[in-house]
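Residue numbers (the working numbering): 955 to 1413. Even glycine gets a Cβ: it sits at the ideal position worked out from N, Cα and C. Here the structure is a predicted model, which means the values were calculated and not measured.
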């Protein structure tokens, strides 16, 4: 076996090695935690790490490759989060699509796009002349019906006649009420306070009655992704409001409150529920906003054989970097673990079915069995075997570039068959661009096999 390359600065200490080994200086670390990582993946990575020492010890030629260093880090406590991600559309929290409920000729348009209005403010009017005439006629009919009923009552008319008179009064009253409503509808008014988003009216235009305005929460759509281990939670039986491009004569929207509308697919919808916290990052901005899931739809939309469900996130406060119609990335926190003991995942190794770390006790390296839980962005939860403040050895592997010929197995050794080392191991002779032999991610053996000359990850 040849000596290690000169460019490799330090070998990985073997867990449970010489207890007299000196302790490297403590290195600080700062880590963000956003998504769960399957702990099973850690097994592969760290088992692979155990083979790096063999690779370092069997170098045949010099050249750049990997730089492996160690540092002593403190066991800490922190928060781990499981999230579901979506990309959604930022929309006003309320939108009023307003149309004249009566027909007529537009005589006034009182607002323009961008103008701020209050609830009940007049936005436009149609000519009320015909509507006023209808009202006057309805009023006259009611007066006549009342007079007829009073006269017949005074004359002791028959019961059937009185019933007929009363029916006429009721009908006239209904017609009068309708005429009053129509006259009031000659003025189009804002149903919410907000900003005029569009005006599709001009003076002199004739409009046909099409119903009054409504005020609704808007909804959009987006692509989804998820991360983490998955324990399902019951989905919320609520339906997100629908929206789309509006053809209303006047549209008023809120500009001080927003929602973000996204979708989650059918594999994730069970994890999301109303009340979940969310982090919102608008496109083109690095400043996050925050919100809460307000509704989760119960009817899916099919697209490319994927079923997705609408999710509406109500934005908290009034962030200055949100604009209606823009897109935003949303990370919905569906599960959170607080005050967990955690270590860098690179400090953990696996041997003989045991999960271990190299703890530093009184300046010496001591192998210690631990029990682990979830993993998140390079850190793993420790449920037993360590306490906050303990010191452990972390391995740091850096790819320095280039191909090193003659490596005897990038992530494996030269002896033994199968497993994560040895011929057919996780690498094998040939190494990182080696000269042939057993290795690679495919082929015979576990995670390895026969490789050709000059074979990438193990030939």
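1. Closest to residue 1250 by C-alpha separation, out of 1126, 1346, 1214 and 1202, would be which residue?
2. Straight-line CA distance for residue 1353 to residue 1020?
3. In angstroms with no decimal places, state the Cα-to-Cα distance between residue 1066 and residue 1042.
4. Determine which residues share a DSSP beta bridge with residue 1091 and list them.
5. Taking the beta strand (DSSP E) that residue 1262 belongs to, which residues open and close that run?
6. So for residue 1225, helix, strand or coil by DSSP?
7. Do residue 1254 and residue 1220 count as a contact pair if the criterion is CB distance below 8 Å?
8. Among 1142, 1315 and 1282, whose alpha-carbon lies nearest the alpha-carbon of residue 1082?
9. Roughly how many angstroms lie between the CA atoms of residue 1134 and residue 1080, to the nearest whole one?
10. Could you tell me whether the segment 1315 to 1328 touches the segment 1053 to 1071, where touching means 3 or more Cβ pairs closer than 8 Å?
11. Touch check for the segment 1333 to 1349 and the segment 1283 to 1298: three-plus C-beta pairs under 8 Å?
12. Is it right to say residue 1101 is buried, meaning 16 or more other beta carbons lie within 10 angstroms of its own, or is it exposed?
13. On the three-state DSSP scale, how would you describe residue 1316?
14. From the DSSP secondary-structure annotation, give me the bridge partner or partners of residue 1104.
15. So what's residue 1143 in DSSP terms, helix, strand or just coil?
16. Compare the Cα-Cα distances from residue 1272 to each of 1208, 1055, 1076 and 1158 and report the closest residue.
17. Could you give the first and the last residue of the continuous beta strand (DSSP E) run that contains residue 1342?
18. In terms of residues, what are the limits of the alpha helix (DSSP H) holding residue 1117?
19. Compute the Euclidean distance between the alpha carbons of residue 1097 and residue 1122, then round it to the nearest angstrom.
20. Could you check the C-alpha separation between residue 1132 and residue 1106 for me, to the nearest Å?
21. Please tell me whether residue 1239 and residue 1044 are closer than 8 Å, where the distance is taken between their beta carbons.
22. Count the other C-beta atoms from every protein chain shown that fall within 10 angstroms of the C-beta of residue 1361, then say buried if there are 16 or more, exposed otherwise.
23. Which term fits residue 1158, buried or exposed, when burial requires 16 or more other beta carbons within 10 angstroms of its beta carbon?
With the structure as the only source:
1. In the chain shown, counting from the first residue as 1, residue 1250 sits at position 296. The residue with the shortest Cα to Cα distance from residue 1250 is 1214.
2. Residue numbering aside, residue 1353 sits at position 399 when the chain shown is read from its first letter. Residue numbering aside, residue 1020 sits at position 66 when the chain shown is read from its first letter. So the two alpha carbons sit approximately 5 Å from each other.
3. As a position in the chain shown, residue 1066 is number 112, starting the count at 1. As a position in the chain shown, residue 1042 is number 88, starting the count at 1. Answer to the nearest angstrom: the Cα atoms are 29 Å apart.
4. On the chain shown, position 137 is the one that residue 1091 refers to. None; residue 1091 has no bridge partner.
5. For the purposes of this step, residue 1262 is identified with residue 308 of the chain shown, where counting begins at 1. 1260 to 1269 is the extent of the beta strand (DSSP E) around residue 1262.
6. In the chain shown, residue 1225 corresponds to position 271, counting from 1. Helix at residue 1225.
7. Counted from its first residue, the chain shown places residue 1220 at position 266. Counted from its first residue, the chain shown places residue 1254 at position 300. Yes, these two residues count as a Cβ contact at 8 Å.
8. In the chain shown, residue 1082 corresponds to position 128, counting from 1. Comparing Cα-Cα distances from residue 1082 to each of 1142, 1315 and 1282, the minimum goes to 1142.
9. What you label residue 1134 is simply residue 180 of the chain shown in a count that begins at 1. What you label residue 1080 is simply residue 126 of the chain shown in a count that begins at 1. Taking the straight line from one Cα to the other gives about 15 Å.
10. no
11. yes
12. Working through the chain shown from its first residue, we reach residue 1101 at position 147. By the neighbour-count rule (16 or more Cβ atoms within 10 Å), residue 1101 is not buried but exposed.
13. By 1-based counting over the chain shown, the position of residue 1316 is 362. Of the three classes helix, strand and coil, the one that applies to residue 1316 here is coil, per DSSP.
14. The sequence position of residue 1104 within the chain shown is 150, counting from 1. Bridge partners of residue 1104: none, in fact.
15. Counted from its first residue, the chain shown places residue 1143 at position 189. Looking at residue 1143 - three-state DSSP - the assignment turns out to be strand.
16. Start at 1 with the first residue of the chain shown, and residue 1272 comes out as number 318. Out of 1208, 1055, 1076 and 1158, 1208 has the C-alpha closest to the C-alpha of residue 1272.
17. For the purposes of this step, residue 1342 is taken as the residue at position 388 of the chain shown. Counting along the chain, residue 1342 falls outside any beta strand (DSSP E), and DSSP gives it neither H nor E.
18. Taking the first residue of the chain shown as 1, we reach residue 1117 at position 163. Segment 1113 to 1138, the alpha helix (DSSP H) holding residue 1117.
19. Taking the chain shown and counting its residues from 1, one reaches residue 1097 at position 143. Taking the chain shown and counting its residues from 1, one reaches residue 1122 at position 168. C-alpha separation (whole angstroms): 11 Å.
20. Translated into positions along the chain shown, residue 1132 becomes position 178. Translated into positions along the chain shown, residue 1106 becomes position 152. Those two C-alpha atoms are separated by around 27 Å.
21. One-based indexing of the chain shown puts residue 1239 at position 285. One-based indexing of the chain shown puts residue 1044 at position 90. No, the pair does not count as a contact, with Cβ atoms beyond the cut-off.
22. Residue 1361 sits at position 407 when you count from the first residue of the chain shown. The pLDDT assigned to residue 1361 is 36, lower than 50, so where the model puts this residue is not dependable, and the model offers no usable value.
23. Here residue 1158 corresponds to residue number 204 of the chain shown, with the count starting at 1. Its Cβ having fewer than 16 others within 10 Å, residue 1158 is exposed.
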